[in-house]
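Residue numbers (numbering that gives the first Met the number 0), protein chains in the order written: chain A, 0 to 360; chain B, 0 to 360; chain C, 0 to 360; chain D, 0 to 360.
Following: one structure in structure tokens, then a few remarks.
Number of protein chains: 4
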Amino acid sequence: MQKLGVAVLGATGAVGQRFIQLLENHPWFYVAEVIGSSRSAGQPYGEITNWVLDGSVPDSVANLTVKPLDGQFDSPLLFSALPKEAAEEREIELAEAGHVVCTNASVNRMVEDIPLLLPEANYDHVRLIDIQREKRGWKTGAVVANSNCTAMPVVMALAPLRKFGISKMLIVSAQAISGAGYPGVASLDILDNMIPYVGGDEQKLETETLRMLGAYDDAHVSWLNAIVSASCNRVPVVDGHLVNVSITLDATPGLDEVIETWKTFTAPDVVAQLPSAPQHPLYYLPQVDRPQTRRDRNAGNGMSTSIGRLRECPILGYKFVALSHNTIRGAAGCSILNAELLAAKGYLGTFQPEAHLSSVS
Amino acid sequence: MQKLGVAVLGATGAVGQRFIQLLENHPWFYVAEVIGSSRSAGQPYGEITNWVLDGSVPDSVANLTVKPLDGQFDSPLLFSALPKEAAEEREIELAEAGHVVCTNASVNRMVEDIPLLLPEANYDHVRLIDIQREKRGWKTGAVVANSNCTAMPVVMALAPLRKFGISKMLIVSAQAISGAGYPGVASLDILDNMIPYVGGDEQKLETETLRMLGAYDDAHVSWLNAIVSASCNRVPVVDGHLVNVSITLDATPGLDEVIETWKTFTAPDVVAQLPSAPQHPLYYLPQVDRPQTRRDRNAGNGMSTSIGRLRECPILGYKFVALSHNTIRGAAGCSILNAELLAAKGYLGTFQPEAHLSSVS
Amino acid sequence: MQKLGVAVLGATGAVGQRFIQLLENHPWFYVAEVIGSSRSAGQPYGEITNWVLDGSVPDSVANLTVKPLDGQFDSPLLFSALPKEAAEEREIELAEAGHVVCTNASVNRMVEDIPLLLPEANYDHVRLIDIQREKRGWKTGAVVANSNCTAMPVVMALAPLRKFGISKMLIVSAQAISGAGYPGVASLDILDNMIPYVGGDEQKLETETLRMLGAYDDAHVSWLNAIVSASCNRVPVVDGHLVNVSITLDATPGLDEVIETWKTFTAPDVVAQLPSAPQHPLYYLPQVDRPQTRRDRNAGNGMSTSIGRLRECPILGYKFVALSHNTIRGAAGCSILNAELLAAKGYLGTFQPEAHLSSVS
Amino acid sequence: MQKLGVAVLGATGAVGQRFIQLLENHPWFYVAEVIGSSRSAGQPYGEITNWVLDGSVPDSVANLTVKPLDGQFDSPLLFSALPKEAAEEREIELAEAGHVVCTNASVNRMVEDIPLLLPEANYDHVRLIDIQREKRGWKTGAVVANSNCTAMPVVMALAPLRKFGISKMLIVSAQAISGAGYPGVASLDILDNMIPYVGGDEQKLETETLRMLGAYDDAHVSWLNAIVSASCNRVPVVDGHLVNVSITLDATPGLDEVIETWKTFTAPDVVAQLPSAPQHPLYYLPQVDRPQTRRDRNAGNGMSTSIGRLRECPILGYKFVALSHNTIRGAAGCSILNAELLAAKGYLGTFQPEAHLSSVS
């Protein structure tokens, strides 16, 4: 099968770089276009980019010429790592022009006909694309969002617990510096320090989690009916967002039952066979002191969520710890998985990965 | 006035060192005896001690010969930084022998006639010493404990809010490595990492906070009648324990009223004039991103607690962030303040600091 | 004696803040004016400043209105924390207008009639001010520079060894993040990382050290005649520049003699009695693993240099480790000490600190 | 081809764990036996081991029962991560009993008939095994050592420069905490700190580098005739040893020529086709601020050495920076590569990997 060329918007930034890194050697997609600011446009990606990830710019991308954001793109599939302001209108314009935009930007996440997609948790929300296309008169274009990086471990851990009825979730995060992009957090602000504040993330956690955990029903998504309280903190770790979560479950299952629910959780078949889907979406770690940020963030190539320390919360009922890699599962990796789901469900036009899928499944 | 010679038990360990550092230039006390393990006994303190604090062993202590724990001591006042096992019986024996023991060990904290003292919050608990002496037949000896280091910022912040009726507190801590002593946390376990577990601390938080916030009444302490849920985490900072706290207040005061309560909080007069008492027991920081561990832990020479980010908690009512220096306010500094209170209240026998006090007040 | 009001140029930046912090409670000077960029001018210092040091803006300065750099200043003494570009011409203009400018900027350090002053090492270079004033026709103004922060521990350690004849020095630095100002080093660039490059510092080390260690003779400074090779590295520590130094000494003294030279080194009397002069300019630490950055950077309130590990270098003769606090001894603290020397030597016009000096000496 | 079962001595420690991690999915070897202390013997490896690397114990090893060191082993090939004391005699005994021992222990490195092997640099030293066997009367046994982890980047960088005549090397290291094993460096000793001392490493660097860079000639290794001066430092990074190196080259090549020598360096064919040999033993990075510890330590799966910043040293001639992963290239990975070389050269008895080799080459 021929791979599909894709474009990365905001390619020179930290999340853009992660897209490029994760798409190297991807079985379905290859980076055909890199889109940057007007300052970098016209220059070779490898020269203009201050590569902040490990190693260096992949050879296959280094020689691509950066294209300006206001130009036209050949790729039907666009991954967006644009900043909020740039993303708001341009992503819609590009979808209108026929592109499928898988975006990491926050600005369009709560738009009613744009799916906030986390395939293991809510793959059926992808059907909002039908609504979106119908309502907006788009034939091939679409916008699909992924959530805030701190919401990921919460939603991954809670998705299988919806059957018990989740009514309250109190979340205290410990977020990695890479979540703030580059240059992001000044080293003087975080070395031997902790900042009990991450601008905007508490609000996002208190809304995006409910939308992601909601049910697709009659052409729209009904939010989960729960109360969320979030407190966000920045800690001196490179990658990995860890959350301490207390929840109330209406059905009051035993601790063992909750653990068993996590251990036996699998993604729906259509998701499980996607190339970026981890073999185990969730790991429940039995050790008393896990998950730990550095040691568990790369589980499942950074796409698995690790959970541990389930115990009774004297106030809310249950408490536990969860961890996801914030720039893989929590950003670029999730967008790529979203795009794979779109491909598998036929939303990427003529691109047909069935051959691959059958060989996988 | 002549200073009172004191002894430090467990003097070579990390908390013992902090006692020695804080007692250098103390206006009332000086370190006359250093007590260590049988391994170090008989050797000069400055030679046998691997000084892990900044700088080096104070000159005045370096030449003291380490005494064994099973010997006899001249000092009427003993500060104990003993490990749990060593502390349990020996502290009682030494009190029985007539010494006043101000201890940082956890083992005797919940004994009913031993005050768990945090002077700004519960100075009247000191009266348990009368009960203790009467019950045990001690004339001059006593044991007074200070709490777990993570409980300190919680109790300091909540002490003035008792008037509103505290019924629930959900605490998520981020604790410094120095809280684990030396060698304590292995660097491979914490660099670029976070550990969502601190052995024993959750249980301590769920009990000690209630005892400290309790009322002295009719010769015993009635615990605060509240539910506590604690989740403890270790983070890569050197000093400073930060807590994210959600609480329920029966009286539902406005946010401004709570802040005003903190801002106007002062210690009782007898406490405020003690040499180690900070001018401001509490600081409420108006910035959206404070307190921060490195920047605020040394407030009030490490004896003040910094609070910030009071806001509504959609689940429990109120939430905020608090921070205390864990080895000063949370350990040695609090023990020293406790001893000062004992001196001021006449529990240290013939030692009379009134002259000092009048010059202070 | 009445204190002298001084101005801080570049007051809102990281070094400017350190000036303000160190000048709080200074016995001779107080901050009367704060000078900032046009963006911050006209606003209260406490509101416009993102205070990056510990604690918060001193009360005495918080309410000062920031003045623009192109205005006029009342203070005869100006401390400059200006960036290079802003400093180059403006510092000269202000000296021409009659101000004494003690600057931390690099741009005028190598100008022949501007002393590059480190009082313990070369206090007699202060006499260049006479040349400067004569040559430029200035009556009361002057510009005095302090060196690059990494040169400080090198020059402090080598100053007393000049008597042995220094012909070669090979320096490998490990520099703190605070040396880059704020926001300075991005946390993603330095957490769990080391950068073997600090722009411009190797060149500065290879020239400024020689000028500072030079002799004042016949109205100019003769550079030390030695070869310097410097390699500069950034490491994840907050404060403190540590250097591994190998040197060749013509006189080939014994190791004990070198150590004794360091131990007995004192500043000239006129310097030793200045308020910011540390009691011990140098500490030689006997432990095999000292100095250590965090544990020794605050020696002498951050003004002492700590040296250790003197041993034979099989190639160059001698090697050792030295450490100074980069933003105190290496920047603002040294500028303040320079200003104190100027005051003591009568270069600050009518301001006469003799009364203070006699009470000190 | 059937894989060869191997044993790991000291399997529960940090280096032992790295052996097990690197041997998972190895094409020639699999871990058949794990050897530990008497304390852990008899228990399942997965239960007794405090796994300090990322993730968790590989499933294939978790159920192996730990064997005591004084027992007998079935595997012909042993990887030793024993501490010095345990290694000294036991490794010789085991070789005498017929095992080939590839050891990371320091104790036997300088024994004249034991090769100190770094295949890309001195694969011909492997012939010392013939001498060793002849001299000691061993038929199938052998001991092969790899060097100190800090010597690795030095020797890798200098191996191709031997043709220019190396006469002096001055090395200043910045070593990761993982080099000290587990628990190793206490976090209180290294967070926001740097320790200018690593016990024993300076001596090792000043001898092992010369032996490794020496020539095999007439049945023994002639050390490189050069002077080495080493200064070793511990810095707060997890993995990766970085060295600042100044050298004197007799032939005084141009900088470009040196860089070209590095860029074109390849391992001998017999080494290049080994499964653990990196495609590029050396990378010369053109950026002014590379190699950086976190970003470059994993080059070539942790087996490549990254070099950068070649420039003139005013004192010694040339200076540069080099970096290797200390527990992969610098320890377990090198031992495994050594064992592969032994297999390829027929020193592992009947085990014949030729089939693999031909498919690789």
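Heads up, the beta-carbon is just placed ideally off N, CA and C, and yes, glycines get one too.
Here the structure is a predicted model, which is why all the values come from computation and not from measurement.
Contact check, residue i vs residue j under 8 Å by CB: the rounded distance?
i: residue 116/B; j: residue 110/B; result: About 13 Å; that fails the 8 Å criterion.
i: residue 119/D; j: residue 266/D; result: 4 Å
i: residue 312/A; j: residue 228/B; result: 5 Å
i: residue 306/C; j: residue 156/C; result: 5 Å
Among the candidates the options, whose CA atom is the shortest distance from the CA of residue i?
i: residue 176/D; options: 7/D, 236/D, 343/D and 156/D; result: 236/D
i: residue 220/A; options: 322/A, 6/A, 302/A and 113/A; result: 113/A
i: residue 25/C; options: 71/C, 275/C and 73/C; result: 275/C
i: residue 72/A; options: 59/A, 95/A and 53/A; result: 95/A
i: residue 289/C; options: 233/D, 32/D and 46/D; result: 233/D
i: residue 65/B; options: 106/B, 6/B and 121/B; result: 6/B
i: residue 172/B; options: 308/B, 230/B and 87/B; result: 230/B
i: residue 361/A; options: 3/A, 216/A, 161/A and 54/A; result: A query on residue 361/A cannot be resolved here, the shown segment of chain A reaching from 0 to 360 and no further.
i: residue 104/C; options: 67/C, 1/C, 140/C and 12/C; result: 12/C
i: residue 45/B; options: 87/B, 63/B, 35/B and 51/B; result: 63/B
i: residue 296/C; options: 148/C, 271/C and 39/C; result: 148/C
What residue does the alpha helix (DSSP H) around residue i start on, and which one ends it?
i: residue 144/C; result: From DSSP, residue 144/C is part of no alpha helix (DSSP H) but of the beta strand (DSSP E) over 141 to 144.
i: residue 165/D; result: Here residue 165/D belongs to no alpha helix (DSSP H); instead the beta strand (DSSP E) covers 165 to 173.
Helix, strand or coil: which one does DSSP assign to residue i?
i: residue 308/C; result: strand
i: residue 344/C; result: coil
i: residue 352/D; result: coil
i: residue 99/D; result: strand
i: residue 162/B; result: helix
i: residue 209/D; result: helix
i: residue 358/D; result: Because the pLDDT of residue 358/D is 45, which lies under 50, any placement of that residue in the model is unreliable, and the number read from its coordinates should be weighed accordingly. Reduced to three states, the DSSP call for residue 358/D is helix.
i: residue 118/B; result: helix
i: residue 289/B; result: coil
i: residue 64/B; result: strand
i: residue 266/C; result: coil
i: residue 185/C; result: strand
i: residue 153/C; result: helix
i: residue 22/A; result: helix
i: residue 233/B; result: strand
i: residue 281/D; result: strand
i: residue 128/C; result: helix
Could you please give the first and the last residue of the uninterrupted beta strand (DSSP E) stretch that includes residue i?
i: residue 248/C; result: 240 to 248
i: residue 216/C; result: 214 to 216
i: residue 221/D; result: 219 to 221
i: residue 28/C; result: 28 to 35
i: residue 226/C; result: 226 to 230
i: residue 321/B; result: 316 to 323
i: residue 78/D; result: 76 to 79
i: residue 7/A; result: 3 to 8
Give, in chain order, every residue of the stretch 233 to 247 of chain A whose Cβ lies closer than 7 Å to some Cβ of chain B.
234, 235, 236, 237, 241, 243 and 245
Taking beta-carbon pairs under 8 Å, can you tell me which members of the stretch 312 to 331 of chain D lie near chain C?
312, 313, 314, 315, 318 and 320
Using a Cβ-Cβ cut-off of less than 7 Å, give me the residues of the stretch 169 to 185 of chain C that come near chain A, in sequence order.
176, 177, 181, 182, 183, 184 and 185
Against chain D: residues of the stretch 50 to 62 of chain A by CB proximity under 7 Å
53 and 54
Counting only Cβ-Cβ distances shorter than 8 Å, please list the residues of the stretch 280 to 301 of chain D near chain C, keeping chain order.
287, 288, 289, 290, 291, 292, 293 and 294
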